[in-house]
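This report refers to the structure that appears directly beneath it.
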RNA sequence: GGCCCCAUCGUCUAGCGGUUUAGGACAUCACUCUUUCAAGGUGAAGGCACCGGUUCGACUCCGGUUGGGGCCA
C-alpha cells in the first residue's frame with residue numbers, strides 16, 4: 003500500500019433502527035480508520051426513501067454516538083465531499099451515467115419488462131442461463147428514435163464485458179474470481195430516472211476517495227460490477243474487505259430485526275428480551291418491536307448496557323487477537339485490530355456472552371459510577387425524586403453496593419423497587435410470610451427485636467449482626483430461620499441481600515415499621 | 001437454477017504440516033463456600049462435517065461430497 007490516506011465509510015440506509023450487524027461493520031471501519039490515522043465517513047444511502055428521513059436516521063446517528071463511533075465526515079458534520087446524503091447527490095449520479103454512456107460502458111436499453119421476461123423464459127426452456135441479448139440496446143440516435151417511436155422508455159444498463167474474468171483481491175477472503183460471461187448487464191438507472199444502488203454506491207466510493215471498503219459479505223457478489231463502474235469512471239480502485247455476517251443465535255442465517263418473534267423462542271434471547279420488557283414496564287415506556295428489540299442497538303442503550311461492553315462483544319464477534327485475550331479497551335482495540343485476523347465464517351449472536359461482557363464492565367465501574375448509571379431509572383420510575391436528595395442517594399449507594407453484580411444492566415436497579423416503596427405499600431409474598439414469619443417462635447423473635455431495635459445505641463453493622471445472632475442463640479431458632487423471617491418482613495420476599503444490608507438500606511425507622519407491619523399482616 | 005462465500009466443543013474462537021492427550025472464553029453440570037438469593041472457588045463434560053489424495057506425518061495443503069449462507073435470476 004502506498005501512503006495514501008486511509009478513508010473508510012459506512013453507508014447505512016435510514017431504516018429507523020441500528021442493527022447489530024451495522025454496529026459491528028461501523029466498529030471495524032472506525033477501528034481501521036483510527037489505527038491508520040485515517041478518516042471514518044458516514045454516508046447515508048437514502049436514494050429509495052426521502053420521507054421521514056430525519057426521523058428514520060436518528061437511531062443510527064444516536065447509536066453510533068452512544069457507541070463512541072464518531073464519524074469524521076458525514077451528517078451533522080459536513081466535510082470536503084458534501085453532501086453525504088445520496089438523496090442530495092442526484093446530479094453527480096446523472097453526470098456519472100452520462101459519462102458511462104459516453105464512453106460505452108453503459109447503454110440505453112429500450113426493452114420492456116415483458117421483453118426481458120420473454121427472453122428469460124426462452125433461456126429457461128433451452129436450459130441455458132439467461133443473459134440479456136441487448137436486442138433493444140440503442141447506441142445511436144437512429145436506434146433511439148426507432149425504439150422511441152414504438153413508445154418505449156429507456157433504462158440505462160451497464161455494458162459489461164462478456165468474456166474474461168475479474169479478480170477481487172479481498173483483504174479478508176483472499177483472491178476471489180468471477181467469470182464475466184455470467185455477469186448481467188445490470189440496470190443502473192431506471193426508466194423513471196432514479197438510480198440503482200450499485201451505481202450510487204460505486205460513484206460515491208469513488209468521489210469520496212474511499213481507500214478501503216469494509217462491508218458485509220452480502221456485497222461480495224456485487225463487487226465486479228462496482229469495480230467495472232469505478233474503472234470506467236476512472237476512479238482509483240479501493241481495496242475490498244468483506245466481513246462475514248452476524249448470524250442468528252444458533253444458526254447461520256443473517257441476523258434480522260424482523261425475525262424477533264422467532265428468536266424469542268430461544269431461551270437466552272427470550273431472557274434478554276424479558277429483562278428489557280420488565281424494565282420498560284416499570285419505566286412506563288410504550289415500546290415497539292422496531293427499536294426495542296435485542297437485534298437493535300437502541301435496546302441496549304435504553305435498558306442500561308454499557309457501550310464498552312457492546313463494543314468489546316462486537317469486536318470479538320468475528321475477530322480475535324489470540325487464543326486468550328478477551329477484554330479490550332477501545333485504545334487496545336484500535337492498536338491491535340487487524341483485518342487479517344477477521345474470521346471468514348459467520349458468527350452467531352449470543353446474548354449470554356454479551357451479558358457476560360456487560361457484567362464484567364459494570365463491575366469495573368465504581369459504586370459511585372454505578373449509582374449515577376442507575377439513578378435515571380429510579381427517577382424515571384418515580385422511585386426517587388429528581389434531583390435525588392442526599393439521603394436517597396445514600397440509600398441507592400447502599401443498594402448498589404449490596405447488590406454487587408446482581409445489577410447487570412443499569413435498569414436492573416428496578417428489581418429493588420421494594421426498598422423504595424413506602425412501608426405501607428410493600429407487598430409481602432404470602433407463601434414466604436406463612437413459611438417464615440407465621441411460626442410462633444419467629445413472631446416472638448421479631449417482637450423481641452422490635453423492642454430492642456428502638457434502643458440499640460448505634461445502628462451499625464456489627465451491632466446489628468450481634469443483635470440478630472444473639473436472638474437466634476437465645477431462642478434456639480435456627481439462625482437461617484431468623485434471618486429469613488426478618489428478610490420477609492423487611493423486603494416482602496425470602497431471597498435477596500444479606501439481612502444486615504437490608505436493615506442498613508432501610509434505616510432504623512423503616513426497619514421497625516416494616517417488622518411491625520409484617521406482624522400486623524399476620525394478625526389480620 | 002447459475003455464480004460466489006463459508007465449515008474446529010451448544011456459542012464465540014485459538015490453531016497458519018510435527019511443540020496438540022486440539023488451547024481459551026460464554027453457557028451447561030457437579031462439588032465447594034455461604035444464616036436466604038446471587039457471586040466466589042474447584043473440577044467435569046463437550047469439537048476438528050464426510051470421503052479421497054499429497055506427505056515420513058494432516059485440524060492445518062489439494063480435490064470431491066454433504067451441509068449452511070449470500071448474490072443474481
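In the numbering used here, the protein residues as written are 3 to 526.
Ideal Cβ positions, reconstructed from N, Cα and C, are used throughout, including at glycine.
Residue 196 (DSSP reduced to helix, strand or coil) = Coil.
Start-to-end residues for the alpha helix (DSSP H) that takes in residue 328 | Counting along the chain, residue 328 falls outside any alpha helix (DSSP H), and DSSP gives it neither H nor E.
When you compare each of 127, 94, 10, 106 to residue 75 by their alpha carbons, which one comes out closest?
-> That would be 10, whose Cα lies nearest to the Cα of residue 75.
Contact between the segment 184 to 200 and the segment 151 to 165: three or more CB pairs below 8 Å?
-> Contact annotation: the segment 184 to 200 touches the segment 151 to 165, with at least three C-beta pairs closer than 8 Å.
Quick one, which of 164, 195, 174 has its alpha-carbon nearest residue 180's?
-> Comparing Cα positions, the closest option is 164.
If you scan the segment 192 to 266 from start to end, which runs of the alpha helix (DSSP H) of 4 or more residues do you find wholly inside it?
-> Fully enclosed alpha helix (DSSP H) runs of 4 or longer: 199 to 209, 225 to 234, 262 to 265.
Using alpha carbons as the reference points, say which of 34, 454, 281, 30 lies closest to residue 382.
-> Ranking 34, 454, 281, 30 by Cα distance to residue 382 puts 281 first.
Residue 468 - containing beta strand (DSSP E), residue span = From DSSP, residue 468 is part of no beta strand (DSSP E) but of the alpha helix (DSSP H) over 463 to 477.
Please report how far the alpha carbon of residue 548 lies from the alpha carbon of residue 43, in whole angstroms.
-> Nothing about residue 548 can be read from this structure; the chain reaches only from 3 to 526.
Counting only the same chain and skipping the five closest in sequence on each side, list residues whose C-beta sits under 8 Å from that of residue 319.
-> Excluding sequence positions up to five before and after residue 319, its CB lies within less than 8 Å of the CB of 26, 248, 349, 351, all in the same chain and listed in chain order.
Just the C-alpha distance for residue 401 and residue 424, rounded to the nearest angstrom, thanks.
-> Approximately 16 Å, taken between the alpha carbons.
Neighbourhood of residue 35 by C-beta, 7 Å cutoff - its chain only, sequence neighbours within 5 removed = So the list reads 8, 10, 41, 42, once near-sequence residues are dropped.
Drop a sphere of 10 angstroms on the beta-carbon of residue 61, count the other beta-carbons inside from all chains shown, and report buried for 16 or more, exposed for fewer.
-> In summary, residue 61 is buried, with 16 or more beta-carbon neighbours lying within 10 Å of its beta-carbon over all protein chains present.
Alpha-carbon to alpha-carbon, residue 339 and residue 505 = Residue 505 and residue 339: Cα-Cα distance of roughly 49 Å.
Assuming residue 502 and residue 447 make a contact with CB atoms under 8 Å, what is their CB distance in whole Å?
-> In fact, because the Cβ distance is near 16 Å, the residues do not count as touching under 8 Å.
Going by other Cβ atoms of all chains shown within 10 Å of its Cβ, with 16 needed for buried, is residue 143 buried or exposed?
-> Per the 10 Å Cβ criterion, exposed.
Where does residue 362 fall in DSSP's three states?
-> Helix, per DSSP.
In the DSSP assignment, find the unbroken alpha helix (DSSP H) run with residue 529 in it and report its ends.
-> This structure gives no information on residue 529, because the portion of the chain shown stretches from 3 to 526.
Between the segment 55 to 70 and the segment 299 to 317, do three or more beta carbon pairs fall short of 8 Å?
-> Segments in contact, yes.
Buried versus exposed, by CB contacts within 10 Å (16 or more), residue 463 = Exposed.
Buried/exposed call for residue 556, threshold 16 Cβ in 10 Å = Lying before the first or after the last residue shown, residue 556 is absent from the chain, which here runs from 3 to 526.
Kindly indicate which three-state DSSP category residue 109 falls into: helix, strand or coil?
-> Note: residue 109 maps to strand in three-state DSSP.
Pull up the CB-CB distance for residue 47 and residue 88, whole angstroms please, since I reckon it's below 8 Å.
-> At roughly 5 Å, the Cβ-Cβ gap stays under 8 Å, so residue 47 and residue 88 are in contact.
From the DSSP output, in three-state form, read off residue 501 for me.
-> Three-state result, residue 501: helix.
Does the segment 221 to 232 come within contact of the segment 191 to 206, defined as at least 3 CB pairs closer than 8 Å?
-> Counting C-beta pairs with one atom in each stretch, the segment 221 to 232 and the segment 191 to 206 have three or more that are closer than 8 Å, which means they touch.
Given a cut-off of 7 Å, decide if residue 413 and residue 305 are closer than it, judged by their beta-carbon atoms.
-> Yes. Within cutoff.
Validate contact between the segment 484 to 495 and the segment 415 to 432 using beta carbons, cut 8 Å, 3 pairs | Counting C-beta pairs with one atom in each stretch, the segment 484 to 495 and the segment 415 to 432 have three or more that are closer than 8 Å, which means they touch.
State the start and end residues of the unbroken beta strand (DSSP E) segment that holds residue 179.
-> For residue 179, the uninterrupted beta strand (DSSP E) run begins and ends at 176 to 181, by DSSP.
Would residue 104 be called buried (16 or more neighbouring beta carbons within 10 Å of its own) or exposed?
-> Exposed: under 16 other Cβ atoms inside 10 Å.
Proximity to residue 520 [Cα-Cα], best of 459, 479, 475, 437 | Ranking 459, 479, 475, 437 by Cα distance to residue 520 puts 437 first.
Give the straight-line distance between the Cα atoms of residue 516 and residue 491, rounded to the nearest whole angstrom.
-> Residue 516 and residue 491: Cα-Cα distance of roughly 6 Å.
Along the chain, which unbroken stretches of the alpha helix (DSSP H) at least 4 residues long are found entirely within the segment 395 to 459?
-> Correct list: 442 to 455.
With a floor of 3 residues, list each beta strand (DSSP E) that falls wholly inside the segment 33 to 92, ordered by position along the chain.
-> Runs of the beta strand (DSSP E) inside the segment 33 to 92: 41 to 44.
What is the rounded straight-line gap between the Cα of residue 131 and the Cα of residue 226?
-> Rounded to the nearest angstrom, the two C-alpha atoms are 19 Å apart.
Would DSSP call residue 495 helix, strand or coil?
-> Residue 495: coil per DSSP, three-state reduction.
Residue 167: first and last residue of the uninterrupted beta strand (DSSP E) it sits in | Here the beta strand (DSSP E) through residue 167 covers 167 to 172.
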